[in-house]
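Participant: Using this note's numbering, you'd call the opening residue of the sequence shown number 2 and step up by one each time. Ideal Cβ positions, reconstructed from N, Cα and C, are used throughout, including at glycine.
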Amino acid sequence: MMMTMMMTIMMVMMMMIMMIMIKMMMIKMMMIKMMMIMMMIVIMIVMVMIIMVVMVLVVMVMINDDDQYRNNHVLPAIDDINDNEEEEKDESAPEIEDANENRYRVGLTTQFYR
């Protein structure tokens, strides 16, 4: 997705530069100006190429790291969650019994039986 976006932007930039070049040629500016414009265009193209390469590298690293991250962090975290759920179930049963005992002691059950 990002690659296609970059490509389209590059194409638009190239078109714009070409238009400017043609206009400059039409006006017949000095050779020095033309050289400056050419240099600017070359620098722009080089920059875009570098950005493209960096993007590709970043994407590659992201894809590689994603699997590593999943294996090291996500799956163990899921296992931990499952373990915690099991532990909570085991611990929660006695607490409920204690609550019922307290209710009997206080005598709240008389309200339910009326």
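1) Only counting the same chain, and skipping five residues up and downstream in sequence, which positions put a Cβ closer than 8 Å to that of MET45?
2) Tell me the rounded alpha-carbon separation between MET23 and VAL57.
3) Which one of MET41, MET63, MET53, VAL47 has the shortest CA to CA distance from ILE21?
4) Would you mind stating whether VAL49 and MET11 have Cβ atoms separated by less than 9 Å?
Facilitator: In this structure, then:
1) Its chain contains MET14, ILE18 as the residues whose beta carbon lies nearer than 8 Å to that of MET45, once the 5 sequence neighbours on both sides are disregarded; these appear in chain order.
2) It is worth fixing the name first, because residue 23 is Ile in this sequence and not Met. For ILE23 and VAL57, the distance between alpha carbons rounds to 33 Å.
3) Closest in alpha carbon position to ILE21, among MET41, MET63, MET53, VAL47, is MET41.
4) Cβ atoms of VAL49 and MET11: closer than 9 Å.
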